[in-house]
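Going line by line, the protein sequences match chains L and Y.
First residue of the first sequence: 1086, per the numbering used here; consecutive thereafter.
First residue of the second sequence: 1086, per the numbering used here; consecutive thereafter.
Note sheet for the following structure.
2 protein chains.
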Amino acid sequence: MNAPIPRQGTKGERTRSRILDSAMELFSRSGFYAVSLRDIAAHAGMTHAGLLHHFPGKDDLLIQVLARREQVAAEQALSSDSDLAPEELLSRHLDQITLNMGTPGLVGLFVKVSGEASDPAHPAHDYFVQRYRRLRKRTAWLMSVLFDRATPPIKHDPDAVAQQLLALVDGLQTQWLLDPEQVDMRASVVAFLTQLGLELEPDDRPHP
Amino acid sequence: MNAPIPRQGTKGERTRSRILDSAMELFSRSGFYAVSLRDIAAHAGMTHAGLLHHFPGKDDLLIQVLARREQVAAEQALSSDSDLAPEELLSRHLDQITLNMGTPGLVGLFVKVSGEASDPAHPAHDYFVQRYRRLRKRTAWLMSVLFDRATPPIKHDPDAVAQQLLALVDGLQTQWLLDPEQVDMRASVVAFLTQLGLELEPDDRPHP
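The following block contains the structure:
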């Protein structure tokens, strides 16, 4: 017997959303292993048993938190209009990096979990394998369009560049978390893209 | 009172070396948290108390294993003659990536620990902060020499490229550990360097 699929905005959906907010906040602050389901339940203003009614365990919560972070970022990047120009898509990816620089706890969680998840027994292993396959494909598409539109057209291999770009973004997170004064993640990604021959919109971030 | 500095090759030194070999092998195979000092002592053929005589704890052992891995790699890269050509230094760095592709356990340990170490309370935090500062500096020097020697000279910023290169190598490890069939770390780094305008020696790896 299947459980009924809750409609958006039902009481159950809102409760799940509140639990995920609490889990994201506590995981980001203290890391995955240091936080218990009881901590998350208390933060969300409910009992341990009440939380277990919505999520079977901490592993499941972690995947949902990671997936939701991606969903939020993807929704921001693709927003309501699906025919966004590739230049605008790239610009939104860069804005995501700026946003990440405001949430070191969440970035740290992502780095830690992606490091642990190479173990096939890790609860987030499949999530991460699929994540990178999907991202390599999407990013290669974006690069190929941008390379073709450039004047003169850029001749680099979009698949190779996509893999490099994703690796660059990940590796910068490690360096930035360790030494935030020495590493500007956005500037480094912009430099990488500029070296390739891409012309980017000027950075309109407020300077601190 | 300071302990006497052991000469190279003393019995104490050989015992420390045997313990580090065991720790590196077990950490690489099972990860840092799953391995106990008792496991390492048993693997090295000694008692737990005997091991504690040489290393005060597991944190200390981890730092020594990480530092020794770097020392081995640095010695390989710089070898006996200090006036190695920059092209040869770069080629040895690439060879190190090929070697890493044969030791996924050790790469996985490095990725996991560098992810955890962004926490200032982590035993390897300072080690990693200093590691990246040192590597950014050395790599920027190497890039500046190679850029100047190129025909025509390459105009990219060596500091910016050094940071990217280190981040690329780290980020590729995450993707490669998750999906080794899909990611060739060496080929990706070579593509990055070629895009910059550097000409590299042909890859003489045996093909599997």
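Glycine included, each C-beta is placed from N, C-alpha and C at the ideal position.
- Taking the Cβ atoms as the reference, T1100 (chain Y) lies roughly 6 Å from H1139 (chain Y), within the contact range of under 8 Å.
- C-alpha of L1105 (chain Y) to C-alpha of Q1249 (chain L): approximately 34 Å in a straight line.
- When C-alpha distances from A1206 (chain L) are compared across Y:L1263, Y:V1192, Y:V1120 and Y:A1108, the shortest belongs to Y:L1263.
- With respect to the 8 Å criterion, A1225 (chain Y) and A1252 (chain Y) are not classified as neighbours on the basis of their beta carbons.
- The C-beta of Y1212 (chain Y) comes no closer than 8 Å to any C-beta of chain L.
- Under the 8 Å criterion on CB atoms, S1121 (chain L) is classed as non-interfacial with respect to chain Y.
- DSSP, read as helix, strand or coil, puts V1120 (chain L) in coil.
- If the five residues before and after V1198 (chain Y) are omitted, its C-beta is found closer than 6 Å to the C-beta atoms of A1209, all from its own chain and listed in chain order.
- The C-beta distance from V1196 (chain L) to T1259 (chain L) rounds to 6 Å, short enough to meet the 8 Å contact threshold.
- Each of L:P1238, L:L1175 and L:P1189 was checked against the Cα of V1275 (chain L), and the nearest Cα belongs to L:L1175.
- DSSP places G1190 (chain L) in the uninterrupted alpha helix (DSSP H) bounded by P1189 to E1201.
- Counting of Cβ neighbours within 10 angstroms places Q1267 (chain Y) among the exposed residues, the total staying below 16.
- When the alpha-carbon of T1183 (chain Y) is set against those of Y:A1272, Y:F1277 and Y:L1122, the nearest one is in Y:A1272.
- Here DSSP, grouped into helix, strand and coil, assigns V1268 (chain L) to coil.
- R1219 (chain Y) counts as exposed, since fewer than 16 other C-beta atoms from the protein chains shown sit within 10 angstroms of its C-beta.
- Here G1256 (chain Y) is not near V1192 (chain L), since their CB atoms are 8 Å or more apart.
- Spatial neighbours of M1131 (chain L) in its own chain (CB-CB distance under 6 Å, excluding positions within 5 residues in sequence) are not present.
- Within chain Y, the residues Q1280 have their CB atoms less than 7 Å from the CB of H1241 (chain L), given in chain order.
- Pairing T1236 (chain L) with L1283 (chain L), the inter-Cα distance amounts to about 9 Å.
- Residue contact with chain Y for R1103 (chain L): absent (no Cβ-Cβ distance below 8 Å to any residue of chain Y).
- Between L1169 (chain Y) and F1112 (chain Y), the C-beta spacing is not below 8 Å.
- Between V1230 (chain Y) and P1171 (chain Y), the CB-CB gap stays under 8 Å.
- Within chain L, no residue has its beta carbon less than 9 Å from that of T1183 (chain Y); the closest one is some 17 Å off.
- Between L1136 (chain Y) and I1125 (chain Y), the C-beta gap is smaller than 8 Å, which places the two residues in contact.
- DSSP places H1138 (chain Y) in the helix class (H, G or I) of the three-state scheme.
- Chain-order list of chain Y residues neighbouring F1277 (chain L): Q1249, by C-beta distance under 8 Å.
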